[in-house]
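Colleague:
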Amino acid sequence: MISHDKLSDLSIWFVTGSQHLYGPEVLDQVYDDAQKIVAGLNASGNIPVRIVAKPVLTTAHAISQTFAEAAASADCAGIITWMHTFSPSQMWLPALQTLAVPMLHLHTQYNAAIPWDTIDMDFMNLNQSAHGGREFGFAATRLDVHRKVVVGHWSEDAVQADIADWCRVALARLDAQQGRIARFGDNMRQVAVTEGNKVSARIVFGYSVEGYGVGDLVAYMDQVADSDVQRVVAEYHDLFDVAAELQSGGDRHESLRYAARQEIALRAFLQDGGFTAFTTTFEDLHGLSQLPGLAPQRLMAEGYGFSGEGDWKTAAFLRASKIMAMGKPGGTSFMEDYTYNFAGRDSTVLGAHMLEICPSIAAGRPRIEIHPLGIGGKDDPVRAVFDGKPGRARNATIVDLGDRFRMIINEVEAVAAPHDMPNLPVARVLWKPMPDLRVAAGAWIHAGGAHHTVYSDQVTLEQFRDFADLHDIEAIVIDEQASVRSVQDALRWNAAYFRLR
Ligand code: MN
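Just so you know, the sequence shown maps onto residues 116 to 616 in the working numbering.
(1) How long is the line joining the alpha carbons of Ala-266 and Glu-350, rounded to whole angstroms?
(2) Using a Cβ-Cβ cutoff of less than 8 Å, which residues in the same chain neighbour Gly-414 once the five nearest sequence positions on both sides are dropped?
(3) Using the three-state DSSP reduction, which class does Tyr-570 fall into: helix, strand or coil?
(4) Any heavy atom of the ligand MN inside 7 Å of the beta-carbon of Gly-300?
(5) Within the same chain, show all residues whose beta-carbon is closer than 6 Å to that of Gly-132, passing over the 5 residues directly before and after it, in chain order.
(6) Suppose the cutoff is 7 Å on Cβ atoms and the five residues either side in sequence are ignored; what does the same chain contact list for Gly-517 look like?
(7) Would you mind reading off the limits of the beta strand (DSSP E) that contains Arg-543?
(8) Any heavy atom of the ligand MN closer than 7 Å to the CB of Glu-310?
(9) Assuming contact is defined by CB atoms lying nearer than 8 Å, are Phe-251 and Ser-204 in contact in what I supplied?
(10) Can you look up Ser-104 in the DSSP assignment and give me helix, strand or coil?
(11) Please confirm whether any heavy atom of the ligand MN lies closer than 7 Å to the CB of His-677.
(12) Applying the 10 Å Cβ sphere with the 16-neighbour rule, what's the burial state of Asp-399?
(13) To which residues does DSSP link Glu-526 through a beta bridge?
(14) So, with DSSP's three-state summary, where would you put Trp-197?
(15) In angstroms, rounded to a whole number, what distance separates the CA positions of Ala-511 and Ala-611?
(16) From the DSSP secondary-structure annotation, give me the bridge partner or partners of Leu-465.
(17) Where does Thr-447 sit, in a helix, a strand or coil, going by DSSP?
(18) How many Å lie between Leu-361 and Met-336 at the Cα?
(19) Can you confirm whether the segment 230-248 touches the segment 278-288 when touching is taken to mean that 3 or more C-beta pairs between the two stretches lie within less than 8 Å?
(20) In the DSSP output, what is Cys-282 paired with across the bridge?
(21) How would you call Val-264, buried or exposed, if buried means at least 16 neighbouring beta carbons within 10 angstroms?
(22) Quick check: what's the CA-CA separation for Ala-387 versus Val-306?
(23) Under the criterion of a Cβ to heavy atom distance below 7 Å, does Gly-388 qualify as lining the ligand MN?
(24) Pairs of beta-carbons, one from the segment 518-530 and one from the segment 593-600, closer than 8 Å: are there three or more?
(25) Just confirm the distance between the C-beta atoms of Arg-249 and His-220, as a whole number of angstroms; I'd bet it's less than 8 Å.
(26) Is the beta carbon of Glu-424 within less than 7 Å of some heavy atom of the ligand MN?
(27) Count the other CB atoms, across all protein chains shown, that sit within 10 Å of the CB of Ala-619; report buried if there are 16 or more and exposed otherwise.
(28) Quick check: is any heavy atom of the ligand MN less than 7 Å from the C-beta of Glu-398?
(29) Can you have a look at Met-536 and say buried or exposed, based on whether 16 or more other CB atoms are within 10 angstroms of its CB?
(30) To the nearest angstrom, how far is it from the Cα of Ile-560 to the Cα of Val-602?
(31) Can you check whether the CB of Val-333 is closer than 8 Å to the CB of Gly-425?
(32) May I have the straight-line CA-CA distance separating Pro-487 from Glu-451, to the nearest angstrom?
(33) With which residues is His-220 paired in a DSSP beta bridge?
(34) Within a Cβ cutoff of 7 Å, which residues of the same chain sit near Lys-437, ignoring the five residues on either side of it in sequence?
(35) So does Glu-369 have its beta carbon nearer than 7 Å to some heavy atom of the ligand MN?
(36) Looking at the secondary structure, which residues open and close the alpha helix (DSSP H) in which Gly-479 lies?
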């Protein structure tokens, strides 16, 4: 499992292309410059993973060997390619034909400005990314290779931000390939959109989906030490306001201790199995007296993927999104479109779930409360209650169309609720979908988008699209420019594209 402390083991390889035409001094200079760029990127503090400079590549054999090593390496999440000089791209074809790692083509050059007074043909021959990069780009396009293209001087913040975001996507792919999703119970009975083909998911994304009886979790709960419960309850008091009835000495303190025991047991179960995400369902709680509420909230905040109702696709997608969000300000959560506030162009959606929204999106300090849950027939569950942060964010989902997966992304503007909601006992966020609710929900429904989503103000639209590209799945965007008709057209074109290939 990729966590923040494991990042130091992972790397992105920086591969520089050239050729022998210019002589050994030029190749030495090329390697020198590549190392300086890599050192600059690593020193910038902007890149979430170590970038490693590889020797300059000048032959088809060396290129293929380097790409094969990258694919075989357990710690290489992707390759950045850069053409310092011209590098005839027929020699790149064999490697690109079998490309098995994410690739970013960095279209930059070592110098930013032209040295106007001294520029001569030697300088021109050394610094010809402007056409070397085009030659390389043609080879990748000729082979229809999915890759990211980032253009600009490598020292610019905007360029480094693009590289950093792509690195996070590459890490999310590596994490998904090694991912394991634990499911306690099956999907919610009769629900369609949360279903899907687990074998297809294994083929496309790499993660495995593994079912467990909720009794396996109960067995872990029986092993939890009182001292650990004590420690986690203390953490709750540090991080959250706690309702008086749940505090030590309060009438319902035992319910808080039970929630802590659930959290400790779940974390231990996930760690022991190397799981990266999990699902629960209110329809299968044998041996549990509460539906886990606070526990998924806490584990999501730690970076685990989660979804309710057995929805393993969303759990896995949330985990990938947590990796794509690494080191960025803001939050990322499991979400569900719950209810509408119709008000013309300003119509909004109130998003929430029965209990399980990640505190990373909270506007203030969450408050732990206990309230009845109308379904499931168990004891009242404990949950953290809060309002989501206002600002630009997006909802994204992945559905299984039978012959392929489709990602759907909707840009939203989260807003402060215009009124208190004193009787609503769950975490929630209110947003205005782009371009407005009529278009956004209409287009979303035409696209078959689920009610479960990943909600994030960290993962960018571009990152979601890049994640879709890396897995060769469809991505439908509903943003300010979208109309229902434009999305319907995109759905039809994409259907033709994916079925003709
Ligand atoms: Mn749900």
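Don't be surprised by glycine CBs; every beta carbon is placed ideally from N, CA and C.
Modeller: Taking the structure as given:
(1) At residue 266 the sequence reads Val, which differs from the Ala that was named. Between Val-266 and Glu-350, the C-alpha separation is close to 46 Å.
(2) In the sequence under discussion, the amino acid at residue 414 is Leu, which differs from the Gly named in the question. Excluding residues within five positions, the ones whose Cβ falls inside 8 Å are Glu-378, Leu-381, Arg-382, Leu-385, Phe-393, Phe-421.
(3) Here Tyr-570 sits in strand by DSSP.
(4) No, the ligand MN has no heavy atom inside 7 Å of this Cβ.
(5) If the five residues before and after Gly-132 are omitted, its C-beta is found closer than 6 Å to the C-beta atoms of Leu-172, Met-198, Ser-202, all from its own chain and listed in chain order.
(6) There are no such residues.
(7) Run containing Arg-543: 543-548, per the beta strand (DSSP E) assignment.
(8) No - the ligand MN has no heavy atom lying nearer than 7 Å to the Cβ of Glu-310.
(9) In contact: Phe-251 and Ser-204 (Cβ atoms closer than 8 Å).
(10) Residue 104 lies beyond the stretch modelled for the chain, which goes from 116 to 616, so this question has no answer here.
(11) Nothing can be reported for residue 677, as the shown portion of the chain is limited to 116 through 616.
(12) With 16 or more Cβ atoms within 10 Å of its Cβ, Asp-399 is classed as buried.
(13) Bridge partners of Glu-526: Arg-509.
(14) Under the three-state reduction of DSSP, Trp-197 is assigned to strand.
(15) Their backbone Cα atoms lie some 23 Å apart in a straight line.
(16) The partner list for Leu-465 (beta bridge, DSSP) reads Thr-454, Leu-545.
(17) Residue state, collapsed to three classes: strand.
(18) For the pair Leu-361 and Met-336, the Cα-to-Cα distance works out to about 20 Å.
(19) Fewer than three pairs of CB atoms, one per stretch, sit closer than 8 Å, so the segment 278-288 makes no contact with the segment 230-248.
(20) Answer by DSSP bridge pairing: none, since Cys-282 is not bridged.
(21) Exposed is the call here.
(22) Here the sequence assigns Asp to residue 387, which means Ala is not the residue at that position. One C-alpha to the other measures close to 31 Å.
(23) No, Cβ of Gly-388 sits at least 7 Å from all heavy atoms of the ligand MN.
(24) In short, these stretches touch, since the Cβ pair count reaches three.
(25) So it is not a contact: roughly 11 Å between Cβ atoms.
(26) It does: the Cβ of Glu-424 is within 7 Å (strictly closer) of some heavy atom of the ligand MN.
(27) With the chain covering only 116 through 616, there is no way to say anything about residue 619.
(28) Because no heavy atom of the ligand MN lies under 7 Å away, the Cβ of Glu-398 does not count as near it: no.
(29) When all chains shown are included, Met-536 counts as exposed.
(30) Taking the straight line from one Cα to the other gives about 10 Å.
(31) No, these two residues do not count as a Cβ contact at 8 Å.
(32) Distance from the CA atom of Pro-487 to the CA atom of Glu-451, rounded to whole angstroms, is 20 Å.
(33) According to DSSP, residue pairing for His-220 in a beta bridge involves Thr-196, Val-264.
(34) Correct list, in chain order: Gly-418, Gly-420, Thr-447.
(35) Within 7 Å of the C-beta of Glu-369 there is not a single heavy atom belonging to the ligand MN.
(36) Premise fails: Gly-479 is in no alpha helix (DSSP H) and is neither H nor E.
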